[in-house]
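Enquirer: Structure incoming, see below.
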Amino acid sequence: MTACFTSIVIVLAATAAPALAEGVDPCASIDTNLTDKRAREYAHLIVDAFSKDLKPSERFKPSDVEVESFLGSGHWSAVNASIPTADMGMFFFQEVGGKKQFKDVWGGIAEASEVPQVIKWAEDLGAPHNLATCFADQVSFDDSADSPFGFTVDLIFSTKAEERLTALHEEVVVSASYYGDPSEKGKEFSDDVGRFDLGTETVQVPASPGIAKISGNQVGESDLEWIEGRPNVNVNVFTARISGDDNLISCDFIDGPLDDVIQSMPVALHCTLIEEEVDAELKP
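Residues -21 to -1, 1 to 263 (mature numbering (1 follows the signal peptide of the UniProt record, and there is no 0)) are what the sequence shown spells out, left to right.
The structure is reproduced here in structure tokens:
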């Protein structure tokens, strides 16, 4: 497990807790609707929980907090957010007496074999089982069958986009194209812009907030002889065109070193309706 939240150290003990059931959506019963109001509320809660204990020069404001996703069940909730003093983490809150209280934060990505321990960690906080299992799914990555070139992205939809795509029974496609600067051996086969194409992998997923996994199986270690150094990857997200011929969404995108993407995963990609006219951002 790679922990990336700089101020948190998490030790997992062995446990017999059940792993996630294959083929079952662990977030089916979870409220994942991140509204602007919720994003502002949790930004203030995170500031209240962390900033007051920092040195004056290190303190931050709600506007410095980037809330990427929301999970809610009963009196418990968790938000995936980043603050200036640390990397992305999942912040847990419990509502007591009508007020949300910060409980703990998880930082990093877990391997699939560690999912039971991750679930137990959240349940030991007091989180309900459905929230704990959804959270574990959000932060886990199965690398047992995937190549070292795989990674995850966290798909986040605006309220309008999610409502429209749900009404249309639309899905989205995540397309990852691997490429690199050609080696001497690969120059003969470079494309019209001078790059060597290592192949493209696409996955089709529901148009709802969640983690999409790119296996990386499109690229093999032997392919690296055709390029100089490590691969780059370009990732785009668009509608699957189930409901019509046109793409309906504009999403953040990835275009750069694969190693940076793996280090930052899950990389948050925000999607809005094209008609919302929101500029897409280059990630990570």
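For glycine and all other residues, C-beta sits at the position ideal for the given N, C-alpha and C.
So what's S201 in DSSP terms, helix, strand or just coil?
Expert: Reduced to three states, the DSSP call for S201 is helix.
Enquirer: With three or more C-beta pairs closer than 8 Å as the rule, is the region 142 to 149 touching the region 169 to 184?
Expert: Taking one beta carbon from each stretch, the region 169 to 184 and the region 142 to 149 have fewer than 3 pairs nearer than 8 Å; the two do not touch.
Enquirer: For the region 131 to 145 and the region 251 to 259, state whether three or more C-beta atom pairs, one from each stretch, are separated by less than 8 Å.
Expert: Judged by pairs of C-beta atoms under 8 Å, the region 131 to 145 touches the region 251 to 259, as three or more such pairs exist.
Enquirer: Looking at the secondary structure, which residues open and close the beta strand (DSSP E) in which A106 lies?
Expert: It is not in any beta strand (DSSP E) - A106 carries neither H nor E in the DSSP assignment.
Enquirer: Could you tell me whether the region 54 to 72 touches the region 83 to 95, using the rule of 3 or more Cβ pairs below 8 Å?
Expert: In short, these stretches touch, since the Cβ pair count reaches three.
Enquirer: How about D133 and P63: are their beta carbons less than 8 Å apart?
Expert: no
Enquirer: Roughly how many angstroms separate the alpha carbons of A91 and A7, rounded to a whole number?
Expert: Between A91 and A7, the C-alpha separation is close to 19 Å.
Enquirer: Identify the continuous alpha helix (DSSP H) that holds H23 and give its terminal residues.
Expert: Start and end: D15 to F29.
Enquirer: Tell me the rounded alpha-carbon separation between Y158 and D258.
Expert: In this structure, the straight-line span from the alpha carbon of Y158 to that of D258 is close to 25 Å.
Enquirer: Could you spell out the range, first to last residue, of the beta strand (DSSP E) harbouring D234?
Expert: Here the beta strand (DSSP E) through D234 covers F232 to P236.
Enquirer: Under 6 Å Cβ to Cβ from F130, same chain only, skipping five residues before and after it: list those, please.
Expert: I193, V240, I241 and M244
Enquirer: Considering only their Cβ atoms, is the gap separating C230 from L248 smaller than 8 Å?
Expert: yes
Enquirer: For V118, which three-state DSSP category applies?
Expert: Reduced to three states, the DSSP call for V118 is helix.
Enquirer: Between A191 and P185, what straight-line distance do the alpha-carbon atoms span, to the nearest angstrom?
Expert: 10 Å
Enquirer: Put L50 into one of helix, strand or coil per three-state DSSP.
Expert: strand
Enquirer: What is the DSSP secondary structure of residue 304, reduced to helix, strand or coil?
Expert: Because residue 304 is not part of the residues shown, which for the chain are -21 to 263, the question remains open.
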